[in-house]
Every structure is written in C-alpha cells, then in structure tokens.
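Below is one structure, written out as structure tokens, with a few remarks after it.
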Amino acid sequence: MSDFLTLLIGFGAGVLVALGIAARGAWKPAAPVVTAPVPVAEEPLSAKLYRLSQPLEAFGDNSAHPDEIADRVEFTGAVALLCGEDVSLDTVTQYALGANWTMACAALAALRQRSDGDEASFQVVSHFGRMRPWAMHFALLYISGLDLRVSAGAPVVPAETWWKDNIVIPAMFRNYFTRLEQSGERPEFGNWTSAHHASEPAVIEGFLKSLNHAFATALIADLGRARAAKVDTSFLESVGRLWTKAGTHDPLIEPDEWAALLTAAENALAQKPARSIIVRGEPKTGKSAFLQILGNRLIKKGWTIFEAGGPELQAGQTYIGQLEERVRRLMVEAAVDKRIVWYVPDILQIAISGTHSGQTASILDQVLPALNAGRLVILSKATPAQVTLLVQLRPNLKGVFEAAPLVALTEERTLELVKTYVQRLASRTTT
Numbered sequence: 000m001s002d003f004l005t006l007l008i009g010f011g012a013g014v015l016v017a018l019g020i021a022a023r024g025a026w027k028p029a030a031p032v033v034t035a036p037v038p039v040a041e042e043p044l045s046a047k048l049y050r051l052s053q054p055l056e057a058f059g060d061n062s063a064h065p066d067e068i069a070d071r072v073e074f075t076g077a078v079a080l081l082c083g084e085d086v087s088l089d090t091v092t093q094y095a096l097g098a099n100w101t102m103a104c105a106a107l108a109a110l111r112q113r114s115d116g117d118e119a120s121f122q123v124v125s126h127f128g129r130m131r132p133w134a135m136h137f138a139l140l141y142i143s144g145l146d147l148r149v150s151a152g153a154p155v156v157p158a159e160t161w162w163k164d165n166i167v168i169p170a171m172f173r174n175y176f177t178r179l180e181q182s183g184e185r186p187e188f189g190n191w192t193s194a195h196h197a198s199e200p201a202v203i204e205g206f207l208k209s210l211n212h213a214f215a216t217a218l219i220a221d222l223g224r225a226r227a228a229k230v231d232t233s234f235l236e237s238v239g240r241l242w243t244k245a246g247t248h249d250p251l252i253e254p255d256e257w258a259a260l261l262t263a264a265e266n267a268l269a270q271k272p273a274r275s276i277i278v279r280g281e282p283k284t285g286k287s288a289f290l291q292i293l294g295n296r297l298i299k300k301g302w303t304i305f306e307a308g309g310p311e312l313q314a315g316q317t318y319i320g321q322l323e324e325r326v327r328r329l330m331v332e333a334a335v336d337k338r339i340v341w342y343v344p345d346i347l348q349i350a351i352s353g354t355h356s357g358q359t360a361s362i363l364d365q366v367l368p369a370l371n372a373g374r375l376v377i378l379s380k381a382t383p384a385q386v387t388l389l390v391q392l393r394p395n396l397k398g399v400f401e402a403a404p405l406v407a408l409t410e411e412r413t414l415e416l417v418k419t420y421v422q423r424l425a426s427r428t429t430t
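For the sequence shown, the positions run 0 to 430 when numbering that gives the first Met the number 0 is used.
As structure tokens, this is what we get:
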C-alpha cells in the first residue's frame with residue numbers, strides 16, 4: 000500500500016513539473032502600463048498674493064514707517080507679480096484700492112513701475128481719502144511721479160480733521176510737497192475742490208496750516224481763490240435768474256453805432272476797481288437790446304449775468320432782518336471775484352425799496368460800499384429823467400456808475416436793422 004502511495008505521489012509531481020515546463024514555454028512578459036503625468040495646477044495670482052500678504056501684515060502692524068515693508072522680500076515679490084505682463088491694469092488697480100492694505104501698498108508701488116500705470120491716476124486720487132496711512136505713502140509716491148500730473152492739491156482735498164494728529168500723515172505730505180517743489184510743480188487745486196469727495200474748505204485749510212510748509216501755504220492761498228470763485232447758483236436762482244445763455248435764442252443785431260459804447264462798457268468792468276454801468280437813454284432807444292448784447296459779450300468771456308430787481312429780493316421776506324440778510328448774502332455770491340454781474344431791471348426801484356421802521360437804508364444803500372469798492376457790479380438802464388431823480392434821492396451815488404448814453408437811431412437806420420433782423424430770424428426758422 001505504501002508503495003502504491005509513493006508511486007501515486009511521484010506520478011502527480013511529475014505531471015505538475017511537466018505542466019510548469021509547458022506553462023513557462025507559453026509565457027510572455029506583459030507590456031508595461033504607461034500613465035500620463037498629472038498636470039500640476041498653476042497657483043492663481045490671488046493665492047500667491049494672499050500668501051505673501053500674511054507675513055507682511057504681521058510685520059507691518061509693528062513697523063514705524065511704510066518704507067520698512069518696502070524692503071521685505073514678500074513686498075518686492077508681490078510688486079514683481081503685479082508688474083507681470085499677464086496681469087491687467089484693472090487687476091492692479093483693484094488691489095491698489097482694495098481693503099488688503101499690504102497688497103494696496105504693493106499695487107501702488109507696481110503702478111509706479113508699469114508703463115500703463117498713469118492711466119489709474121484719477122481712480123487713485125479719488126480713492127485717496129479712504130486709504131490706510133501706509134497706503135497713502137505709496138499713493139503719494141505714485142502721484143508725484145506721474146508723467147501726466149494731477150493738480151498738486153488733489154490728494155489734500157479729502158482731508159480729515161484727524162490727519163494733522165496722525166503720527167505719519169503730516170510727514171508724508173511734507174515730503175510730497177518737497178518733491179513737487181523740486182520738480183517745479185505749481186501749488187494749485189484745479190477743479191478738485193469741487194469733487195464729490197472733497198472736505199469742507201475749513202478742514203482742508205486746517206490740515207495745510209498744520210504742515211508748516213511753504214508749498215502748503217501757497218495751496219492755502221489757492222484754496223481761498225477757489226472758495227471765492229465758488230458760486231452758489233441755488234441761492235442766486237432762488238432770488239432771481241441767471242443769464243447763462245443770454246440771447247442765444249434771439250438773432251440780435253449789433254449796430255455799428257454802438258460798437259464804441261459796448262467796448263467802453265466792457266472796459267469799465269475790467270477796471271480796478273470794476274465800475275457799475277447805467278445805460279441811459281430815452282424810451283424806445285434800445286436800452287434792453289444794448290444790455291442783452293453786452294451780456295452776451297460778457298458771457299463769452301466767462302462772466303455770468305444775474306438778474307433780480309427789488310420785488311424779487313423782497314419776495315417772501317416777512318420778518319425784520321430777513322431782507323438785510325438776503326442782501327448781504329447776495330453781495331457775497333454775486334461778487335466780481337466770481338465773475339458775476341448783477342443786472343437790475345429798475346435801478347430806481349431798489350433805490351427806494353427795502354426800508355422799514357428799523358431800517359432806513361434802501362437796498363441800494365446797503366450795497367453801496369461794495370459798489371464803491373468794485374466788489375459788486377450792477378448793470379441797469381434808466382431814462383435821463385430817472386437818472387436825475389436817482390441822483391436827487393441818493394446824492395452819494397454820483398460817480399458810482401459809469402453812464403453809457405444811448406442815442407436813438409434814425410428811422411432809416413432803424414428800418415435797415417429791422418430788415419436784417421427779419422432775414423436772420425427767417426433763416427433760423429428754415430434751418
């Protein structure tokens with residue numbers, strides 16, 4: 000039995016060996032599996048900048064001056080990224096105006112280096128008042144290096160009362176003004192004092208005074224001129240009306256006979272002090288037309304004609320003192336410094352109106368000091384009889400007004416002008 004088992008086991012082993020040899024003869028190595036490499040996603044710009052901003056913010060919060068963060072490798076790295084050709088100007092500008100103050104500083108530094116950086120100047124200046132102090136430093140460096148400069152006073156316009164008490168802001172502006180002086184920049188605000196984000200002139204002036212810098216002092220003088228030139232049109236239109244487009248709808252004729260008189264009237268306004276004018280002439284001699292032509296000439300030279308008579312000034316004034324306050328305000332808003340001329344339709348009316356039990360001075364009496372000083376200029380018209388009565392009522396008016404004597408044209412000349420007027424009116428109607 001044992002021999003039989005031994006024989007059986009040996010036979011089985013031989014079969015297995017034979018099968019193994021056969022299998023090895025049929026085996027071939029499998030082809031290697033080739034797998035494509037998985038592409039590594041490029042880190043977006045926002046992630047790179049965020050990673051750089053973390054150590055910068057921690058360092059910057061404890062720094063004494065913004066220049067200290069400019070030396071950090073994270074800062075120069077962020078600037079280099081934002082100067083990349085694949086980064087748009089809009090993206091850089093968004094960072095410059097953004098809430099992340101460290102990246103705002105880096106973006107402003109990048110704008111200084113980019114060839115298209117000047118194109119963001121208006122946005123940077125308009126946003127300046129909302130920047131953190133460190134960002135203001137880099138914004139001032141950017142603004143002072145622009146090829147196409149904005150007005151020197153533009154960054155001062157959004158001044159806050161706390162600026163002068165800040166540790167670094169006054170020094171930033173002193174350095175900014177020194178750079179502008181060295182480059183020959185003019186100390187002026189341009190139109191920026193009228194911007195929607197501009198602070199009150201008193202706040203701007205207070206900050207400039209705190210700087211104790213010659214350039215700041217010159218800007219204060221320019222601010223005074225800008226304040227004086229600012230016209231409160233809402234007040235003037237609540238009292239009378241503005242001739243901002245006087246005569247544009249009427250084809251007025253300028254007779255050659257009036258040329259010298261019109262020139263003399265214009266010259267009277269250019270005198271120092273400026274002189275007020277009364278157009279004197281009999282009824283129907285063309286006094287109103289003369290004043291309208293004169294008004295058109297003045298408007299073309301940048302003047303504004305304000306029209307209001309006695310009834311308009313007194314309208315709605317029910318309490319003692321209201322009229323006097325309105326007249327005082329009128330003298331401020333309709334000043335020659337603002338290139339405003341006050342047209343009074345009836346000079347005799349304001350010479351006698353405005354008096355009451357507590358006020359013996361008429362409207363004309365109240366404005367007389369400003370007229371004498373040339374701070375206020377009046378245009379009006381009157382007949383010779385009215386002029387005589389006016390001097391009788393107010394002898395102190397003699398010499399205040401420049402008279403423009405208007406003589407009636409002949410019938411033939413008047414008819415000729417009428418025909419010309421009709422022709423121009425017809426041509427306007429057909430076009």
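Positions of the beta carbon are idealized from the N, C-alpha and C atoms, including for glycine.
- [ ] Would you be able to state if there are at least three C-beta pairs under 8 Å between the region 80-91 and the region 150-164?
- [x] Flag = no, the region 150-164 and the region 80-91 do not touch.
Open item on the list: Let me check one thing: in DSSP terms, what residues is residue 303 bridge-paired to?
Closed with: Sequence index remark: in the sequence shown, residue 303 carries index 304 (1-based). Looking at the DSSP assignment, residue 303 forms a beta bridge with 339.
Task: Alpha-carbon to alpha-carbon, residue 405 and residue 309 - done: As a position in the sequence shown, residue 309 is number 310, starting the count at 1. As a position in the sequence shown, residue 405 is number 406, starting the count at 1. Spanning the two alpha carbons is a distance of roughly 24 Å.
- [ ] Can you give me the start and stop residues for the alpha helix (DSSP H) that residue 47 sits inside?
- [x] Start at 1 with the first residue of the sequence shown, and residue 47 comes out as number 48. According to the DSSP assignment, residue 47 belongs to the alpha helix (DSSP H) that extends over 44-59.
Open item on the list: Just to confirm my understanding: we take residue 403, look at its own chain, exclude 5 residues before and 5 after, and list those with CB closer than 6 Å. What are they?
Closed with: On the sequence shown, residue 403 is found 404 positions in, with the first residue counted as 1. So the list reads 260, 264, 276 and 278, once near-sequence residues are dropped.
Open item on the list: By the DSSP assignment, the beta strand (DSSP E) with residue 404 in it spans what residues?
Closed with: Position 405 of the sequence shown, counted from the first residue, corresponds to residue 404. For residue 404, the enclosing beta strand (DSSP E) stretches over residues 400-404.
- [ ] Return helix, strand or coil for residue 410, following the three-state DSSP convention.
- [x] Taking the sequence shown and counting its residues from 1, the one referred to as residue 410 is at position 411. If DSSP states are grouped into helix, strand and coil, residue 410 belongs with the helices.
- [ ] Name the one or two DSSP bridge partners that residue 278 has.
- [x] Within the sequence shown, numbered from 1, the residue matching residue 278 stands at position 279. Looking at the DSSP assignment, residue 278 forms a beta bridge with 380 and 403.
Open item on the list: Can you look up residue 374 in the DSSP assignment and give me helix, strand or coil?
Closed with: Locating residue 374 in the sequence shown gives position 375, counting from the first residue. Correct three-state label for residue 374: coil.
Task: Beta-bridge pairing of residue 442 - partner residues as DSSP gives them - done: In the structure displayed, the chain extends from 0 to 430; residue 442 sits before or after that span and is not available.
Open item on the list: Is residue 104 near the ligand GTP - that is, is its Cβ less than 6 Å away from at least one heavy atom of it?
Closed with: Of the ligands one can find in the structure shown there are none, so the ligand GTP has no counterpart to examine.
Task: Cβ-based burial, residue 105 [other Cβ within 10 Å; buried from 16] - done: Walking along the sequence shown from the start, residue 105 turns up at place 106. With 16 or more Cβ atoms within 10 Å of its Cβ, residue 105 is classed as buried.
Task: Rounded C-alpha distance that separates residue 60 from residue 115 - done: As a first step, residue 60 must be located in the sequence shown, where it is residue number 61. As a first step, residue 115 must be located in the sequence shown, where it is residue number 116. Rounded to whole angstroms, residue 60 to residue 115 spans 31 Å at the Cα level.
Open item on the list: Whether or not the region 115-128 and the region 168-183 are in contact is what I'm after, with contact meaning three or more pairs of Cβ atoms, one per stretch, closer than 8 Å; do they touch?
Closed with: Taking a cut-off of 8 Å for Cβ pairs, the region 168-183 and the region 115-128 do not touch, as fewer than three such pairs fall below it.
- [ ] Would you decide whether residue 283 is buried or exposed? Buried here means 16 or more other CB atoms lie within 10 Å of its CB.
- [x] As a first step, residue 283 is located in the sequence shown; it is residue number 284 there, counting from the start. Exposed is the label assigned to residue 283, since fewer than 16 other Cβ atoms lie within 10 Å of its Cβ.
- [ ] With DSSP collapsed to three states, give me the class of residue 161.
- [x] Locating residue 161 in the sequence shown gives position 162, counting from the first residue. Coil.
TODO: Compare the beta carbon distance of residue 363 and residue 350 with 7 Å and say whether it is the shorter of the two.
DONE: Here residue 363 corresponds to residue number 364 of the sequence shown, with the count starting at 1. Here residue 350 corresponds to residue number 351 of the sequence shown, with the count starting at 1. Cβ atoms of residue 363 and residue 350: closer than 7 Å.
Open item on the list: Can you list, in chain order, the residues of its chain with a C-beta nearer than 8 Å to that of residue 180? Leave out the 5 residues immediately preceding and following it.
Closed with: For this step, residue 180 is matched to residue 181 along the sequence shown. So the list reads 213 and 214, once near-sequence residues are dropped.
TODO: With residue 126 as the anchor, note down where its alpha helix (DSSP H) starts and where it stops.
DONE: Residue mapping note: residue 126 aligns to position 127 of the sequence shown, counting from 1. Going by DSSP, residue 126 is part of the alpha helix (DSSP H) stretching over 120-126.
TODO: Answer yes or no: does any C-beta atom of chain B fall closer than 7 Å to that of residue 194?
DONE: This model lacks chain B altogether, as it is built from one protein chain only.
Open item on the list: Cutting at 6 Å between CB atoms, please list the residues of its own chain near residue 152, excluding the five before and the five after it.
Closed with: As a position in the sequence shown, residue 152 is number 153, starting the count at 1. Closer than 6 Å at the Cβ level, and outside the excluded window around residue 152, lie 188 and 218.
TODO: Report yes if the C-beta distance between residue 108 and residue 86 is below 7 Å; otherwise report no.
DONE: Your numbering for residue 108 matches position 109 in the sequence shown. Your numbering for residue 86 matches position 87 in the sequence shown. Contact check for residue 108 against residue 86 fails: the beta carbons are separated by 7 Å or more.
- [ ] With DSSP collapsed to three states, give me the class of residue 89.
- [x] Here residue 89 is taken as the residue at index 90 of the sequence shown, counted from 1. DSSP, read as helix, strand or coil, puts residue 89 in helix.
Task: Reduced DSSP secondary structure (H/G/I, E/B, other) of residue 104 - done: Within the sequence shown, the letter at position 105 stands for residue 104. DSSP places residue 104 in helix when its eight states are reduced to three.
Task: Cβ-Cβ separation, residue 155 to residue 207 (assumed contact under 8 Å), whole Å - done: To locate residue 207, count along the sequence shown from 1; it is residue 208. To locate residue 155, count along the sequence shown from 1; it is residue 156. The beta-carbon distance between residue 207 and residue 155, rounded to whole angstroms, is 7 Å. This is short enough to meet the 8 Å contact definition.
TODO: Below 8 Å on the Cβ atoms is my guess for residue 366 versus residue 326; work out the distance and round it to an integer in Å.
DONE: Along the sequence shown, read from residue 1 onward, the residue named residue 366 stands at position 367. Along the sequence shown, read from residue 1 onward, the residue named residue 326 stands at position 327. Sure, about 6 Å apart at Cβ, within 8 Å.
Open item on the list: Starting from residue 349, trace the alpha helix (DSSP H) in both directions and tell me its first and last residue.
Closed with: Counted from its first residue, the sequence shown places residue 349 at position 350. Residues 346-351.
Open item on the list: Using the three-state DSSP reduction, which class does residue 252 fall into: helix, strand or coil?
Closed with: Within the sequence shown, residue 252 is the residue found at index 253, counting from 1. Assigned with DSSP and collapsed to three states, residue 252 falls in coil, not helix or strand.
Task: Residue range of the unbroken alpha helix (DSSP H) whose run includes residue 199 - done: Residue 199 sits at position 200 when you count from the first residue of the sequence shown. From DSSP, residue 199 is part of no alpha helix (DSSP H); its letter is neither H nor E.
Task: Distance between residue 372 and residue 139 (C-alpha atoms, nearest Å) - done: For the purposes of this step, residue 139 is identified with residue 140 of the sequence shown, where counting begins at 1. For the purposes of this step, residue 372 is identified with residue 373 of the sequence shown, where counting begins at 1. Rounded to whole angstroms, residue 139 to residue 372 spans 43 Å at the Cα level.
Task: Residues of its chain near residue 408, where Cβ-Cβ distance is below 7 Å and the 5 sequence neighbours each way are ignored - done: The residue labelled residue 408 in the question sits at position 409 within the sequence shown. Apart from the 5 residues on each side of it in sequence, residue 408 sits with its Cβ closer than 7 Å to the Cβ of 254 and 256 in its chain, given in chain order.
Task: Whole-angstrom distance between residue 339 and residue 200, CA atom to CA atom - done: Locating residue 200 in the sequence shown gives position 201, where the first residue counts as 1. Locating residue 339 in the sequence shown gives position 340, where the first residue counts as 1. The C-alpha of residue 200 lies about 21 Å from the C-alpha of residue 339.
Open item on the list: By the DSSP assignment, the alpha helix (DSSP H) with residue 431 in it spans what residues?
Closed with: What is shown of the chain runs 0 to 430, which leaves residue 431 out entirely.
TODO: Please say whether residue 145 and residue 182 have beta carbons closer to each other than 7 Å?
DONE: Counting from 1 along the sequence shown, the entry for residue 182 is found at position 183. Counting from 1 along the sequence shown, the entry for residue 145 is found at position 146. The answer is no: Cβ separation not under 7 Å.
Task: Beta carbon of residue 150 nearer than 7 Å to that of residue 191 - done: Indexing the sequence shown from 1 puts residue 150 at position 151. Indexing the sequence shown from 1 puts residue 191 at position 192. Yes; because the gap between Cβ atoms is below 7 Å, this pair is in contact.
Task: Beta-carbon contacts of residue 420 that lie in its chain and below 6 Å, excluding the five residues immediately before and after - done: By one-based count along the sequence shown, residue 420 stands at place 421. Closer than 6 Å at the Cβ level, and outside the excluded window around residue 420, lie 252.
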